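Take 0 as the starting number for the sequence shown in numbering that gives the first Met the number 0 and just add one per residue.
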Amino acid sequence: MANGAVRRIHVVWQTLPDGRVQLPEHERCVIMKVCMSVAMVALFGCFIVGCSGGGSGASETKPIEQVQAEAKTMDTAKLQATVDSYKAQIASKQGELDKLSAKIKELQPDLGAAAKNMLGGLTGSADAKSGTADLEKAKAEITKLQESSGKITESIKALQERMDVYVKQMSATK
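Put into structure tokens, the structure is as follows:
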């Protein structure tokens with residue numbers, strides 16, 4: 000084949016004894032594989048959308064008024080499913096918060112050791128300079144973790160507030 004040449008595939012149709020026309024076995028297999036691949040991708044996409052709640056799951060940014068309006072239109076089963084979704088999201092965020100808290104507690108002894116290093120070598124030694132650098136690094140890391148922790152706490156509060164709307168509506172419909 001010459002450089003840049005396009006290979007053309009000619010499909011040869013088979014004529015059956017009863018007059019019908021069909022593709023040879025090889026082409027049918029290729030077409031079936033392509034169709035199955037497309038179907039699997041579509042099914043996988045539906046699965047992903049379904050598992051993520053399809054946009055109707057737990058949201059910390061959805062306005063409270065919209066949450067209240069949605070809750071009024073839901074039946075008890077849908078309300079319970081939504082509450083469960085919020086509970087799972089809150090538990091996930093709480094797990095993240097616990098990990099951050101553990102990391103902060105882990106860094107605090109390092110902060111103390113760095114301060115002792117700095118104070119122990121007030122004469123301008125290399126240990127004092129190293130202690131100052133370690134102290135600043137630990138402070139910066141703890142500050143960053145505390146900011147992340149604060150964001151997650153706010154997220155949990157927002158999720159809890161929205162979940163309470165659904166719980167309240169669920170108790171009103173019973």
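Cβ coordinates follow ideal geometry from the N, Cα and C atoms, glycine included.
Since we're looking at a predicted model, the values are computed, not measured.
Three-state secondary structure (DSSP) of threonine 152: Counting from 1 along the sequence shown, the entry for residue 152 is found at position 153. If DSSP states are grouped into helix, strand and coil, threonine 152 belongs with the helices.
Cβ neighbours of alanine 68 in the same chain (closer than 6 Å, five flanking residues each side left out): Here residue 68 refers to the residue found at position 69 when the sequence shown is read from its first residue. Here alanine 68 has no same chain residue with a Cβ atom under 6 Å from its own Cβ, once five neighbours each way along the sequence are excluded.
Classification of arginine 19 by the beta-carbon crowding that lies within 10 angstroms, buried from 16 upward: Locating residue 19 in the sequence shown gives position 20, where the first residue counts as 1. By the 10 Å Cβ count, arginine 19 comes out exposed.
Endpoints, the alpha helix (DSSP H) within which threonine 72 is located: Along the sequence shown, one-based indexing puts residue 72 at 73. Looking at the DSSP string, the run of the alpha helix (DSSP H) that includes threonine 72 is 63–72.
Coarse secondary structure for threonine 75, derived from DSSP in three states: Taking the first residue of the sequence shown as position 1, residue 75 is located at position 76. Three-state DSSP puts threonine 75 in a helix.
Residues bridged to histidine 21 [DSSP beta-bridge criterion]: Within the sequence shown, residue 21 is the residue found at index 22, counting from 1. Residue 21 is actually glutamine in this sequence, not histidine. DSSP, once it has assigned bridges, lists Gln13 as partnering glutamine 21.
Whole-angstrom distance between glutamine 21 and lysine 92, CA atom to CA atom: The residue you call residue 92 lines up with position 93 of the sequence shown. The residue you call residue 21 lines up with position 22 of the sequence shown. Straight-line Cα distance between these residues: approximately 58 Å.
The stretch 78–93 / the stretch 136–155 touching (three or more Cβ pairs under 8 Å): yes
Selection from Trp12, Glu140 and Glu160 that minimises the alpha carbon distance to arginine 57: To locate residue 57, count along the sequence shown from 1; it is residue 58. Residue 57 is actually alanine in this sequence, not arginine. Closest option to alanine 57, Cα to Cα, is Glu160.
The stretch 97–104 touching the stretch 138–146, judged by at least three CB pairs closer than 8 Å: yes
Tyrosine 165 versus glutamine 79: straight-line alpha-carbon distance, rounded: Residue numbering aside, residue 165 sits at position 166 when the sequence shown is read from its first letter. Residue numbering aside, residue 79 sits at position 80 when the sequence shown is read from its first letter. The C-alpha of glutamine 79 is placed about 8 Å away from the C-alpha of tyrosine 165.
Inter-residue spacing [alpha-carbon to alpha-carbon] between valine 66 and methionine 31: Start at 1 with the first residue of the sequence shown, and residue 66 comes out as number 67. Start at 1 with the first residue of the sequence shown, and residue 31 comes out as number 32. The alpha-carbon atoms of valine 66 and methionine 31 are separated by roughly 45 Å.
Beta-carbon proximity of methionine 169 to threonine 75, cut-off 8 Å: As a working mapping, residue 169 is identified with position 170 in the sequence shown. As a working mapping, residue 75 is identified with position 76 in the sequence shown. Yes.
Test item: CB-CB of valine 33 and methionine 162 under 8 Å: Locating residue 33 in the sequence shown gives position 34, where the first residue counts as 1. Locating residue 162 in the sequence shown gives position 163, where the first residue counts as 1. No, Cβ-Cβ distance for valine 33 and methionine 162 is not below 8 Å.
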